[in-house]
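Enquirer: A single structure is presented below for examination.
Numbering (the working numbering), first residue to last: 244 to 726.
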């Protein structure tokens, strides 16, 4: 199958780059306007076109992230399969993690952002006077973003050193109708707080369709299972014994197909939201004679004899797992819209806070009467409000939305840095639900599932691949309704 590929790294950077592009576009418009009325020098005009180029370049990155096919030539719209991806991950009986998040890339990008306005720094300090110092802060946005990127990359690098990086060791791939048996070996894992990890095995289906004369690739979840696995701590490293059953109706890993392709991903994380350790692995799953439904009864008989065997009883009982289907479920979603607003609030809050604080200090230093005091207080209040916007941006950036479901209630928790906002709705009160699309990027769509009760309603945000999957998710919530 031919399917398009989009850089996973752009997903972590495009949201705040769009905010910078609009700021650059504003600075460019200002300088061109001044030059038109003969109020700007040629250096400022050069800075205007630099701003404009940066704005268009950054916006192009964002546009490619949202619409990856819109600007590409027809010949390179679709990429062939990448068998090297499997060979890279499955070498010598070991599976290395898929590095969706690269700390080295963030550090490199941060250094580039620090050096990017280097030729413009002399123009800033020579041409700008005290009346134009607002645009000096605009230039300082670039090193500020660079420092953030470097700190973010260092944070993830130190986290990897502290909590380790896992490698899956296996003797044979997963079998349709059988099990995926392997060991996750993690070095330097003594900092983990719990004695269990969460496993999620997902079968991803990639399908190519032609719509309006253009080929589009759609990704959906064909099958998914959540498990909780105990750890076995040893000196210097920790082993996680993995044993996940795979139904025989699932599809195996396919390397090449005309219309559709299947990949199996395993996510290992602790705790359940993956805030300490989380890695993804591309696992091999194939069909054998055991995968035929005609052999299912013999397969079950052999498995039951293996479990009851005294020789293997100790081994099998040391590999328990608990499915989350019979326990309280916890769904974690992130909103793309909140990410965009968070970076806009962080940038604007920091810039405006510095501008108003400087103005307030100048007014306080030259204060001679009551009116001067008033004119000094107002910028100080505005500076505090701008700082509040900065804090709000940080809170939105760290926002995680949990949906907890037990036998009686559905609880939606908006978890900020230090604050939690909870909304609860009893399962017995649910009368109907509606599904609304809030935003869309690539093959991911953000929905709001609105549950209507007697006198109130509860909105559950979720990030899924299709409206059909959102309906299935809502039906699963409703199915837990007690009699």
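All C-beta atoms, glycine included, are put in the ideal place defined by N, C-alpha and C.
Under the three-state reduction of DSSP, which class applies to residue 386: helix, strand or coil?
Expert: The count along the chain shown starts at 1 and reaches residue 386 at position 143. Residue state, collapsed to three classes: helix.
Enquirer: How about residue 607 and residue 619: are their beta carbons less than 8 angstroms apart?
Expert: Along the chain shown, one-based indexing puts residue 607 at 364. Along the chain shown, one-based indexing puts residue 619 at 376. Yes; because the gap between Cβ atoms is below 8 angstroms, this pair is in contact.
Enquirer: Taking C-alpha atoms, which residue in 714, 509, 452 and 491 lies nearest to residue 427?
Expert: To locate residue 427, count along the chain shown from 1; it is residue 184. It is 509.
Enquirer: Chain B beta carbons: is any one of them nearer than 8 angstroms to that of residue 699?
Expert: Judged by its chain identifiers, the structure shown contains no chain B, having just a single protein chain.
Enquirer: Taking residue 513 as part of the beta strand (DSSP E), name the residues at either end of that continuous run.
Expert: Taking the chain shown and counting its residues from 1, one reaches residue 513 at position 270. It spans 503-513 - the beta strand (DSSP E) in which residue 513 sits, taken as one unbroken run.
Enquirer: According to DSSP, which residues form a beta bridge with residue 463?
Expert: As a position in the chain shown, residue 463 is number 220, starting the count at 1. DSSP lists 448 as partners of residue 463.
Enquirer: Name the two residues that bound the continuous beta strand (DSSP E) containing residue 646.
Expert: By 1-based counting over the chain shown, the position of residue 646 is 403. Counting along the chain, the beta strand (DSSP E) containing residue 646 begins and ends at 643-648.
Enquirer: For residue 471 and residue 422, I'd like the C-alpha separation in whole angstroms.
Expert: Within the chain shown, the letter at position 228 stands for residue 471. Within the chain shown, the letter at position 179 stands for residue 422. When rounded, the distance between both Cα atoms is 16 angstroms.
Enquirer: Label residue 622 either buried or exposed according to how many other C-beta atoms from any shown protein chain fall within 10 Å of its C-beta, with 16 as the threshold for buried.
Expert: Indexing the chain shown from 1 puts residue 622 at position 379. Classification of residue 622: buried, given that the 10 Å Cβ count is 16 or more.
Enquirer: Please indicate yes or no: does the CB of residue 647 lie closer than 7 angstroms to some heavy atom of the ligand MG?
Expert: Among the components modelled here there is no ligand, and therefore nothing to report on the ligand MG.
Enquirer: Beta strand (DSSP E) containing residue 667: first to last residue?
Expert: If you number the chain shown from 1, residue 667 lands on position 424. From DSSP, the beta strand (DSSP E) with residue 667 extends over 663-669.
Enquirer: Tell me, which residues are paired with residue 586 by DSSP?
Expert: Position 343 of the chain shown holds residue 586. The partner list for residue 586 (beta bridge, DSSP) is empty, contrary to what the question assumes.
Enquirer: Using the C-alpha atoms, what's the distance from residue 409 back to residue 512?
Expert: Residue 512 sits at position 269 when you count from the first residue of the chain shown. Residue 409 sits at position 166 when you count from the first residue of the chain shown. Approximately 11 angstroms between the Cα atoms of the pair.
Enquirer: Who pairs with residue 488 in a beta bridge, going by DSSP?
Expert: Within the chain shown, numbered from 1, the residue matching residue 488 stands at position 245. Paired residue(s): 422.
Enquirer: If you compare alpha carbons, which of 447, 591 and 584 is closest to residue 629?
Expert: Looking up residue 629 in the chain shown gives position 386. Nearest of 447, 591 and 584 to residue 629, Cα basis: 591.
Enquirer: Which partner residues of residue 699 appear in the DSSP bridge assignment?
Expert: For this step, residue 699 is matched to residue 456 along the chain shown. Residue 699 is not bridged to any residue.
Enquirer: Only counting the same chain, and skipping five residues up and downstream in sequence, which positions put a Cβ closer than 7 angstroms to that of residue 693?
Expert: Your numbering for residue 693 matches position 450 in the chain shown. Contacts found: 676, 677, 679, 700 and 702.
Enquirer: Looking at the structure shown, is residue 455 part of a helix, part of a strand, or coil, going by DSSP?
Expert: For the purposes of this step, residue 455 is identified with residue 212 of the chain shown, where counting begins at 1. Correct three-state label for residue 455: coil.
Enquirer: Can residue 505 and residue 442 be called in contact, C-beta distance under 8 angstroms?
Expert: Within the chain shown, the letter at position 262 stands for residue 505. Within the chain shown, the letter at position 199 stands for residue 442. Not a contact, by the Cβ cut-off of 8 angstroms.
Enquirer: DSSP three-state label for residue 704, please.
Expert: Looking up residue 704 in the chain shown gives position 461. Residue state, collapsed to three classes: strand.
Enquirer: Quick check on this structure: which residue in 696, 665, 698 and 646 has the alpha carbon closest to the alpha carbon of residue 704?
Expert: Here residue 704 refers to the residue found at position 461 of the chain shown. Ranking 696, 665, 698 and 646 by Cα distance to residue 704 puts 646 first.
Enquirer: Does the beta-carbon distance from residue 225 to residue 444 come in below 8 angstroms?
Expert: In the structure as shown, the chain begins at 244 and stops at 726. Residue 225 is therefore absent and cannot be evaluated.
Enquirer: Taking its Cβ as the centre, do 16 or more other Cβ atoms sit within 10 Å of residue 715, making it buried, or is it exposed?
Expert: Sequence index remark: in the chain shown, residue 715 carries index 472 (1-based). Label assigned to residue 715: exposed.
Enquirer: With distance defined between alpha-carbon atoms, name the residue in 464, 440 and 439 nearest to residue 727.
Expert: This structure cannot speak to residue 727, because the chain is shown only from 244 to 726.
Enquirer: Near residue 696, which residues of its chain fall below 8 angstroms by C-beta distance, leaving aside the five closest residues on each side in sequence?
Expert: For the purposes of this step, residue 696 is identified with residue 453 of the chain shown, where counting begins at 1. Hits under 8 angstroms: 668, 669, 672, 673 and 674.
Enquirer: Excluding five sequence neighbours on each side, which residues of the same chain lie with their C-beta closer than 8 angstroms to the C-beta of residue 652?
Expert: For the purposes of this step, residue 652 is taken as the residue at position 409 of the chain shown. Cβ neighbours of residue 652 beyond the five flanking positions: 667, 668, 669 and 670.
Enquirer: Would you tell me roughly how many angstroms separate the C-alpha atoms of residue 490 and residue 719, rounded to the nearest one?
Expert: By 1-based counting over the chain shown, the position of residue 490 is 247. By 1-based counting over the chain shown, the position of residue 719 is 476. The straight-line gap from Cα to Cα measures roughly 20 angstroms.
Enquirer: Spatial neighbours of residue 584 within its chain, please: C-beta separation below 8 angstroms, excluding the five flanking residues on both sides.
Expert: As a position in the chain shown, residue 584 is number 341, starting the count at 1. Around residue 584: 636 and 639.
Enquirer: Please return the same chain residues whose Cβ sits closer than 7 angstroms to the Cβ of residue 595, not counting the five positions on each side in sequence.
Expert: For the purposes of this step, residue 595 is identified with residue 352 of the chain shown, where counting begins at 1. Cβ neighbours of residue 595 beyond the five flanking positions: 629.
Enquirer: Roughly how many angstroms lie between the CA atoms of residue 469 and residue 665, to the nearest whole one?
Expert: By one-based count along the chain shown, residue 469 stands at place 226. By one-based count along the chain shown, residue 665 stands at place 422. Answer to the nearest angstrom: the Cα atoms are 25 angstroms apart.
Enquirer: Helix, strand or coil for residue 494 per DSSP?
Expert: Taking the chain shown and counting its residues from 1, one reaches residue 494 at position 251. Residue state, collapsed to three classes: coil.
Enquirer: Relative to the C-alpha of residue 416, which candidate in 398, 354 and 525 has its C-alpha closest?
Expert: Reading the chain shown from its first residue, position 173 is the one you call residue 416. Here the closest residue by C-alpha is 525.
Enquirer: Within the continuous beta strand (DSSP E) that includes residue 521, where are the two ends?
Expert: Within the chain shown, residue 521 is the residue found at index 278, counting from 1. Residues 520-526.
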